[in-house]
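Asker: Quick one: the structure is below, and I'll ask about it shortly.
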Amino acid sequence: MTHVVDQVSLGAIVQVRDRLLEIQAKGHKVLRLESGDPSFDIPVPAREAMEKALRDGLTHYTASTGIPPLREAIYRKVTTENGLKVPDSDHVIVTNGAMNGLNIIFRAMLDPGDEVILPDPMWTEIAENIRLGGGVPVPVRLRENEGYLYSPEDIEAAITKKTRAIFINTPHNPTGMVVSKSTLEAIAALAEKHNLFLVSDEAYEHVIFDGRKHVSLGSLPAAQNRTVSIFSLSKTYAMSGLRIGYMVTTDELLLERLKKLVRCTINGENSVTQYGATAALNGPQDFTKSMAQEYQMRRDMLFSALEESPYVKPFKAGGAFYIWARITPDWPGYQGKTDDWSMTNYLIDASGIGSSPGSAFGASGDGHIRFAFSCSTEQVREASSLLPSVLKAAKK
Ligand SMILES: Cc1ncc(COP(=O)(O)O)c(C=O)c1O
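Numbering (my numbering), first residue to last: 263 to 658.
What follows is the structure, given as structure tokens:
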């Protein structure tokens, strides 16, 4: 039998990035629309707090679940802004990015062979972390003609005796779909009916457009005591390289297990980053709003460009910073088979534009392409002006 770690991929996006960097090293211009890394600088109070922490010598081990002022700041934020009902800051665990939270939650929750339902397409790391936790990912297809709705009916049809949890991600990577409150309520009702956990990945909670309000699944009455909420500072405060996130649960057994797992994995998040995160959470929050406005402007630019382009049918994202597009059957690169790498490779070769092949996001992603608009506005503008003509020029 294949070792579980051998089932984990090294990542398609990494392959695209390596090719772009190679081209760049040869002196060619590249446009970095392949991966979701915010172009913004971190908030000034966060940077200043980190500089001060370094000067003050706050570089020693910290409590493995996070420094108390940070857990207090998170507790205040999740109970006021997200509406989570949490007894105290002891139910907050600071992690090394949401990724670390996603890695340990499935280990804490699953017995071997337990099933977790997740959307397809989905950021691959979710299925991989479910497998690493001994579980079996059970994909539920999101359909273009339903606006990539995460359908409660389809979720219920996928529930078996082995189902342990439903995974939800809103706003969603890679489609940019935002799950409505009524759909979240229906999913919470299903979890209650079948006694399942809910894992709610809210990494993009602040990247949301057109006046939509992010709803935290764990704030809904039916979900309250069965949800593990996972958050990230990577997108909210552009702190991606500083690697910090957090998770919240009211389930005491899970909490105990998670505490053991952070102790035996990261053994406490980087101390300096934690002081920066505390300042970011306690500081003015207008940063997140202006960032979302800028992202929305980029989304509009890129979406219009893709609408004008042949061979792609883009979906207008309600949140997150991606445009997901279906590649049409007349795409010259197909030559009888749906090979979405052909469009990604063509765009790199023809114009230095990065993207991600849809198949990197699960079986139903085949025949799609994802463009990230988290790189600079200038790069998004340039890619938008090039895409229609570059795609038109693809040889039949
Ligand atoms: C859906 C989703 N969850 C979690 C993460 C991980 O974020 P972090 O940088 O906090 O590990 C990402 C990053 O791209 C993501 O797309």
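The C-beta atom is built at its ideal place from N, Cα and C for all residues, glycine as well.
Under 8 Å, do V477 and K443 count as touching if we go by C-beta distance?
Answerer: yes
Asker: Restricting to Cα atoms, I'd like to know which of S301, K599 and I329 is closest to E556.
Answerer: If we check each option's Cα against that of E556, S301 comes out closest.
Asker: I need the boundaries of the beta strand (DSSP E) containing N365, first residue and last residue.
Answerer: It is not in any beta strand (DSSP E) - N365 instead sits in the alpha helix (DSSP H) that spans G359 to M371.
Asker: Around the C-beta of A287, are 16 or more other C-beta atoms found within 10 angstroms, so that it is buried, or is it exposed?
Answerer: exposed
Asker: At what residues does the alpha helix (DSSP H) containing L537 begin and finish?
Answerer: The sequence as given places Tyr at residue 537; Leu does not occur at that position. Note, Y537: alpha helix (DSSP H), S533 to N544.
Asker: Does DSSP classify W242 as helix, strand or coil?
Answerer: Only positions 263 to 658 of the chain appear in this structure, which leaves residue 242 out of reach.
Asker: With which residues is T262 paired in a DSSP beta bridge?
Answerer: Past the boundaries of the shown model lies residue 262; the chain is included only from 263 to 658, so the question cannot be answered.
Asker: Our contact map puts V348 next to T512 with C-beta atoms below 8 Å; I'd like the distance itself, whole angstroms only.
Answerer: 6 Å
Asker: So what does DSSP say about I304, is it helix, strand or coil?
Answerer: Coil, per DSSP.
Asker: Could you round the C-beta distance between A389 and L380 to whole angstroms and report it? I think they count as a contact, below 8 Å.
Answerer: 7 Å
Asker: Name the two residues that bound the continuous beta strand (DSSP E) containing Y584.
Answerer: It spans Y584 to I589 - the beta strand (DSSP E) in which Y584 sits, taken as one unbroken run.
Asker: Taking the C-alpha atoms as reference points, what is the distance between S571 and P619?
Answerer: 17 Å
Asker: For the alpha helix (DSSP H) containing T425, name the first residue and the last one.
Answerer: That residue, T425, is in no alpha helix (DSSP H); its beta strand (DSSP E) goes T425 to N431.
Asker: Secondary structure at I355, three-state DSSP: helix, strand or coil?
Answerer: If DSSP states are grouped into helix, strand and coil, I355 belongs with the strands.
Asker: What residue from K578, L283, N607 and S636 has the CA that sits closest to E408's CA?
Answerer: K578
Asker: Answer yes if the stretch 581–601 comes into contact with the stretch 641–648, meaning at least three C-beta pairs across the two stretches below 8 Å, and no otherwise.
Answerer: In short, these stretches do not touch, since the Cβ pair count stays below three.
Asker: Provide the residue span of the alpha helix (DSSP H) that contains H630, from first to last.
Answerer: From DSSP, H630 is part of no alpha helix (DSSP H) but of the beta strand (DSSP E) over H630 to A634.
Asker: Going by beta-carbon coordinates alone, are A542 and P305 separated by less than 8 Å?
Answerer: A contact, by the Cβ cut-off of 8 Å.
Asker: Between L648, S621 and A655, which lies nearest to K291 when the distance is taken from Cα to Cα?
Answerer: L648
Asker: Would T321 and G530 be called neighbours here (beta carbons separated by less than 8 Å)?
Answerer: no
Asker: Can you find the residues in the same chain that come closer than 8 Å, C-beta to C-beta, to G375, ignoring five residues on each side of it along the sequence?
Answerer: G396, G397, V398 and K424
Asker: Suppose only complete runs of 3+ residues qualify. What are the beta strand (DSSP E) ranges in the stretch 440–507, listed by chain order?
Answerer: 459–463 and 489–494
Asker: Could you give the distance in angstroms between the alpha-carbon of K462 and the alpha-carbon of I492?
Answerer: Per the sequence presented here, residue 462 reads as Ser, with Lys not at that position. When rounded, the distance between both Cα atoms is 6 Å.
Asker: Could you name the residues that DSSP lists as bridge partners for E377?
Answerer: V398 and T425
Asker: With a threshold of 7 Å on Cβ separation, who are the neighbours of E640 within its own chain once the five nearest residues in sequence on each side are excluded?
Answerer: Annotation for E640: no residue places its beta carbon closer than 7 Å to its own, counting only its chain and skipping 5 residues before and after.
Asker: Does the beta-carbon of W603, which I'm using as the reference point, lie nearer than 7 Å to any heavy atom of ligand 1?
Answerer: no
Asker: Anyone know if the C-beta pair for Y410 and M439 falls short of 8 Å?
Answerer: yes
Asker: Do A634 and Y584 have their C-beta atoms within less than 8 Å of each other?
Answerer: yes
Asker: Quick one: grab the DSSP three-state call for M263.
Answerer: Three-state DSSP puts M263 in coil, outside helix and strand.
Asker: Just confirm the distance between the C-beta atoms of A587 and I615, as a whole number of angstroms; I'd bet it's less than 8 Å.
Answerer: Not a contact, Cβ separation roughly 13 Å.
Asker: G580 and P433 - do their beta-carbons sit closer together than 8 Å?
Answerer: yes
Asker: Could you check whether the Cβ of A465 sits closer than 7 Å to any heavy atom belonging to ligand 1?
Answerer: A heavy atom of ligand 1 is found nearer than 7 Å to the CB of A465.
Asker: On the DSSP bridge list, what partners appear for K575?
Answerer: R588
Asker: Relative to the alpha-carbon of N362, which residue among T327, A448, I285 and I421 has its alpha-carbon at the smallest distance?
Answerer: Distance check between N362 and each of T327, A448, I285 and I421 places T327 closest, using alpha-carbon atoms only.
Asker: Have a look at E518, N607 and V574 and flag the residue whose alpha-carbon is nearest the alpha-carbon of R279.
Answerer: Checking every option, the nearest Cα to that of R279 belongs to N607.
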